[in-house]
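Worksheet: one structure, shown below.
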Amino acid sequence: CHLRSLLPCFHDQLRCLHLCGAYGDSINSPLTDNGMKAIAEHCPNILTVDVDYQGKVTLTGILALVKKCPNLLEIGARHTNLTVEDVRDILNVPNKLLILAFGQIGRHPSNAEKNSL
277 CHLRSLLPCF HDQLRCLHLC GAYGDSINSP LTDNGMKAIA EHCPNILTVD
327 VDYQGKVTLT GILALVKKCP NLLEIGARHT NLTVEDVRDI LNVPNKLLIL
377 AFGQIGRHPS NAEKNSL
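Residue numbering for the sequence shown follows my numbering, starting at 277 and increasing by one per position.
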């Protein structure tokens, strides 16, 4: 709600947005896929978005960014709900994305996850 009312004030000027949640508390994070859709709608020229520890962000929100922000170069999405399968879907969207950081610190992907990429 607050994000949706704040973003239009930037008039497509915003290039970098860091909305990291609290370390270790990704379940109580306020950012949702609706917030991600608002970023995609109001900030089409954004270059980097960091939503680490925003546990309510899913593939739906990340895809909204990738599809509607053609100049997006970097997404930080550690400790979100992205899976290896989701990353494949993100990479299948034509984009300029150079960096996609996801996963959980201290957790190593299984061989099946590594092979699925």
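The beta-carbon is built from N, C-alpha and C at its ideal position, and this holds for glycine as well.
Predicted model only: the values in this text are computed from it and were never measured.
Those residues which DSSP pairs with residue i across a bridge
i: Leu349; result: Its beta-bridge partners do not exist; DSSP assigns none.
i: Asp326; result: His294 and Gly352
i: Leu341; result: Partner(s): none; Leu341 has no beta bridge.
i: Gly379; result: Arg354
i: Lys313; result: Paired residues: none, contrary to the question.
Cβ distance (whole Å) where residue i is taken to contact residue j below 8 Å
i: Asp309; j: Gly337; result: 4 Å
i: Lys343; j: Val369; result: 6 Å
i: Leu373; j: Leu349; result: 6 Å
Residue of the options minimising C-alpha distance to residue i
i: Thr356; options: Cys296, Lys372, His278 and Arg291; result: Cys296
i: Gly379; options: Pro320, Lys344, Asp362 and Asn371; result: Asp362
i: Leu293; options: Asn304, Tyr299, Asp301 and His318; result: His318
i: Asn347; options: Tyr329, Ala316 and Thr359; result: Ala316
i: Asp288; options: Val333, Leu307 and Cys345; result: Cys345
i: Ile322; options: Asn304, Tyr329 and Ala314; result: Ala314
i: Tyr329; options: Arg280, Ile375, Leu376 and Ser305; result: Ser305
i: Ala298; options: Cys285, Leu358 and Gly331; result: Gly331
i: Ile375; options: Val333, Asp326 and Ala340; result: Asp326
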